[in-house]
Amino acid sequence: MLSTVQIDRENDLAYILLRPELQDRRGVVSRSVRIAEDFIVDLDHDGQIVGIEILHASSRLKLKQAGETPCDVVAGVAEAAEMVGIKKPNFVRDYANKTDFPAPIVALASGRLWLRSDIEEYLRQRSVRVERGRPCAQVSTEP
Amino acid sequence: MDHRPRSESSGPASILEKFRGDGCLVRDGHLGAARVAVVATAYALDRMTLRDIDVEEVCQILALPRSSHGRGKSAGRFEVSGTIGKRQLRIVYEKPARGVVKVITA
Chain A
15 MLSTVQIDRE
25 NDLAYILLRP
35 ELQDRRGVVS
45 RSVRIAEDFI
55 VDLDHDGQIV
65 GIEILHASSR
75 LKLKQAGETP
85 CDVVAGVAEA
95 AEMVGIKKPN
105 FVRDYANKTD
115 FPAPIVALAS
125 GRLWLRSDIE
135 EYLRQRSVRV
145 ERGRPCAQVS
155 TEP
Chain B
4 MDHRPRSESS
14 GPASILEKFR
24 GDGCLVRDGH
34 LGAARVAVVA
44 TAYALDRMTL
54 RDIDVEEVCQ
64 ILALPRSSHG
74 RGKSAGRFEV
84 SGTIGKRQLR
94 IVYEKPARGV
104 VKVITA
């Protein structure tokens, strides 16, 4: 389903076109909805998502590390589960539906999409928390 | 009397030439009441195509009174919103040089 990501590095913008067949077609977007400060979702006349525009893309997507393919930028349930290192059903149960897990940038009929950078940041924060909660030294209970 | 826009007569021609070379569209317009050269980047033009916004509409929004324009989240970036027909349009732009407005998305 995912096809192209257009990145304007000079102006720090990115556009994820979810329906490649619509590229260069005039007027396929019926309305644009700003769902967050840096995210604008384009919808067609039927309310289906055409694409997602991301302002201040370098901070949102960590573009310096990312390539320019959609898979480097966004993750579906399967990819997110792989990033966390667990199976898909367990990911949905143990991560995706938890309030402390990053919110998806969009929820489609086919599933949710997250920014990889959000998940990476979550995992980094979680590893810090785990590290802090770990005992400093093993105390032997043997006599 | 010279009716040419200031951007053509005394604007930073070399900057505009560079923009043209980068695939930007350059035309005359207004920022509020001031005459400027309006530059639309290739990225902005792609967004405008999908969203069926033409350059004339962008220029109309940019020409809204300066009180309608606000600063963007990033330094040096500005935003202005306005209604054309029944559509609400929002333009994000920068001012890379005196008399030049660069539209980065619309």
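Note that the protein sequences, when read in sequence, are chains A and B.
Positions 15 to 157 (our numbering) are the ones given, in order, by the first sequence.
Positions 4 to 109 (our numbering) are the ones given, in order, by the second sequence.
Glycine included, each C-beta is placed from N, C-alpha and C at the ideal position.
If we define contact as Cβ-Cβ less than 9 Å, is residue i a contact residue for chain B?
i, result
"A:Arg48", "yes"
"A:Val19", "no"
"A:Met15", "Here the model assigns A:Met15 a pLDDT of 49, short of 50, so the residue's position is not dependable, and the following value carries that caveat. Judged by the 9 Å Cβ criterion, A:Met15 is not in contact with chain B."
"A:Ala80", "In this prediction, A:Ala80 has a pLDDT of 48, which is less than 50 and means its spatial position is unreliable; nothing more can be read from the coordinates."
"A:Val55", "no"
"A:Val64", "yes"
Taking residue i as the query, report the chain A residues whose CB atoms sit under 7 Å from its CB, ordered along the chain.
i, result
"B:Lys52", "Checking the sequence, you will find Thr at residue 52 of chain B rather than Lys. Correct list: Asp38 and Arg40."
"B:Asp49", "Gln20"
So which residues of chain B does residue i contact, with C-beta pairs closer than 7 Å?
i, result
"A:Leu32", "Ordered by position in chain B, no residue passes the 7 Å Cβ test against A:Leu32, which lies about 12 Å from the chain."
Would you mind telling me which residues of chain B sit closer than 9 Å to residue i, beta carbon to beta carbon, in chain order?
i, result
"A:Glu51", "Lys76"
"A:Val87", "In chain order: nothing, as chain B lies at least about 16 Å away."
"A:Glu67", "Arg50 and Thr108"
With burial defined as no fewer than 16 other Cβ atoms inside 10 Å of the residue's Cβ, what is the status of residue i: buried or exposed?
i, result
"A:Asp26", "buried"
"A:Ala94", "buried"
"B:Lys105", "buried"
"B:Ile45", "Strictly speaking, residue 45 of chain B in this sequence is Ala, with Ile absent from that position. Label assigned to B:Ala45: exposed."
"A:Val47", "exposed"
Rounded to whole angstroms, how far is the Cβ of residue i from the Cβ of residue j, which I believe are closer than 8 Å?
i, j, result
"B:Gly75", "B:Glu82", "5 Å"
"A:Leu10", "A:Gly90", "An answer regarding residue 10 of chain A cannot be provided, because it is not within the stretch 15 to 157 covered by chain A."
Taking 9 Å as the threshold (beta carbon to beta carbon), is residue i in contact with chain A?
i, result
"B:Ala43", "no"
"B:Glu97", "yes"
"B:Ile64", "no"
"B:Arg93", "yes"
Mind listing the chain B neighbours of residue i? Cutoff is C-beta to C-beta under 8 Å, in chain order.
i, result
"A:Val43", "Leu53, Arg54 and Asp55"
"A:Met70", "According to the sequence provided, residue 70 of chain A is His. The question's Met does not apply to it. Per Cβ cutoff of 8 Å: Lys76 and Ser77."
If the cut is a Cβ gap below 8 Å, which residues of chain A does residue i touch?
i, result
"B:Ile107", "Asp22, Asn25 and Leu27"
Does the beta-carbon of residue i, which I'm using as the reference point, lie nearer than 8 Å to any heavy atom of the ligand GDP?
i, result
"A:Glu135", "Judged by which ligands are present, the structure shown has none, so any question about the ligand GDP falls away."
Inset, instruction - Decide yes or no for the touch test of the region 59-76 of chain A against the region 32-40 of chain A: beta carbon pairs closer than 8 Å, at least 3 of them. - result: yes
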